[in-house]
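In the working numbering, the protein residues as written are 971 to 1299.
The structure is reproduced here in structure tokens:
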């Protein structure tokens, strides 16, 4: 697969694999051995960039905890030096749409040691602050990241859901390699951050690049299991699905023109937009993981991307993404 560079020198594949869904958020966790085999199969296909977090966990049928980091570590153990592993700290608890954040230096150090153990590795390639902690200054977090880099526990760091002020202040203390923000055809608000990313030479890792599956064009109605996080996402209400039919029709037409699937076009659009954007779609299914990989082979000119942007601007979309409420510790 084509590669690209995040920040100064972190080389990753143009598409990464978001591993959250194997353990967290999308109903019953996948069987541990099956999940590890799927992640390893993604490596065999050509994926070299894998994303997880300490908070991604579920409960196995026997009552034990299904730690996503352990799955990733198990799957990639014998090819560790050939892959880039990203994980995250800073969310102390997650209950529905409410999260508790903690980026205190003490908690960061506890988190990094726990992640290293679960991943069964001696270093983390890209370590994100999962959400900004309003109780901790960005300079404080960045100084801990600098210390962890000096100690060899991490090699690069980033921030998820970063804004310009926080990013600039943190970057002034310790160079930020990437931000991981929500970005898709349905959620383009962070395009205002592009000039800052280019100025500071920071990459954008796009999570939910397929709008939690909506942009695949395969979800016609909300019929998820009881513990699937999409039950609480407003883009999957009958009203929102109806409102976004025009967007999906447009996406289907573009996909037909390129002899591709809507999911592939959704990913190719952002890959071709900027050389520093790397989407990390997630799936439990090998056929979809393989289909997503093929998006990196779709080439679009700047004019074609601009035409898609113009078409998207003209489509009335449902305002479907609300912010996550953060509870201070």
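Cβ atoms here follow ideal geometry from the backbone N, Cα and C, with glycine treated the same way.
Starting from residue i, follow its DSSP beta bridges and name the residues at the other end.
i	result
residue 1027	1037
residue 983	973
residue 1174	1149 and 1247
residue 1019	1054
residue 1059	1099
residue 951	Residue 951 lies beyond the residue range present for the chain, which begins at 971 and ends at 1299; the question has no answer from this structure.
residue 1094	1124
residue 1130	1150
residue 955	The requested residue 955 does not occur in the structure, where the chain is confined to residues 971 to 1299.
residue 1278	None; residue 1278 has no bridge partner.
residue 1071	1061
Out of the options, which one is the CA nearest neighbour of residue i?
i	options	result
residue 1074	1093, 1083, 1052 and 1107	1107
residue 1280	1217, 973, 1255 and 1254	1217
residue 1117	1103, 1143, 1130 and 1136	1143
residue 1110	1089, 1139, 972 and 1031	1139
residue 1041	993, 1232 and 982	993
residue 1168	1033, 1245, 972 and 981	1245
residue 1283	1248, 1186 and 1157	1157
residue 1057	1093, 1098, 1119 and 1031	1098
residue 1276	1258, 1242 and 1262	1242
residue 1018	1096, 1231, 1103 and 1278	1096
residue 1163	1154, 1186 and 1137	1137
residue 1024	1080, 1225 and 1227	1080
residue 1082	1262, 1022 and 1155	1022
residue 1004	1030, 984 and 1016	1030
residue 1225	1278, 1036, 1258 and 1249	1278
residue 1221	1184, 974 and 986	1184
residue 1145	971, 976 and 972	976
Using the rule of at least 16 other Cβ atoms within 10 Å of the residue's Cβ for burial, across every protein chain shown, is residue i buried or exposed?
i	result
residue 1173	buried
residue 1100	buried
residue 1114	buried
residue 1038	buried
residue 1131	buried
residue 1105	exposed
residue 1043	buried
residue 1289	Low confidence applies to residue 1289: its pLDDT is 49, below 50, so where it sits in the model is not reliable, and the reading given next is rough at best. It is exposed - the Cβ of residue 1289 has fewer than 16 other Cβ atoms within 10 Å.
residue 1150	buried
residue 1267	exposed
residue 1049	exposed
residue 1251	buried
residue 1123	buried
residue 1063	exposed
residue 1256	exposed
residue 1085	buried
residue 983	buried
residue 1230	buried
residue 1186	buried
residue 988	buried
If you drop the 5 nearest sequence neighbours on each side, which residues of the same chain put their C-beta closer than 8 Å to that of residue i?
i	result
residue 1046	1009, 1010, 1013, 1020, 1053 and 1055
residue 1125	980, 1093, 1094, 1095, 1096 and 1119
For residue i, collect the residues of the same chain with a Cβ closer than 6 Å to its Cβ; drop the 5 residues on either side in sequence, then sort them by chain order.
i	result
residue 1141	1170
residue 1166	1134
residue 1129	1099 and 1149
residue 1000	992 and 1254
Near residue i, which residues of its chain fall below 7 Å by C-beta distance, leaving aside the five closest residues on each side in sequence?
i	result
residue 1264	1234
residue 1007	none
residue 1072	1060, 1062, 1103 and 1299
residue 1027	993, 994, 1035, 1036, 1037 and 1038
**OP:** Check whether the region 1160 to 1179 touches the region 1236 to 1247, counting contact only when three or more Cβ pairs, one atom from each stretch, lie closer than 8 Å.
**Re:** The region 1160 to 1179 vs the region 1236 to 1247: in contact.
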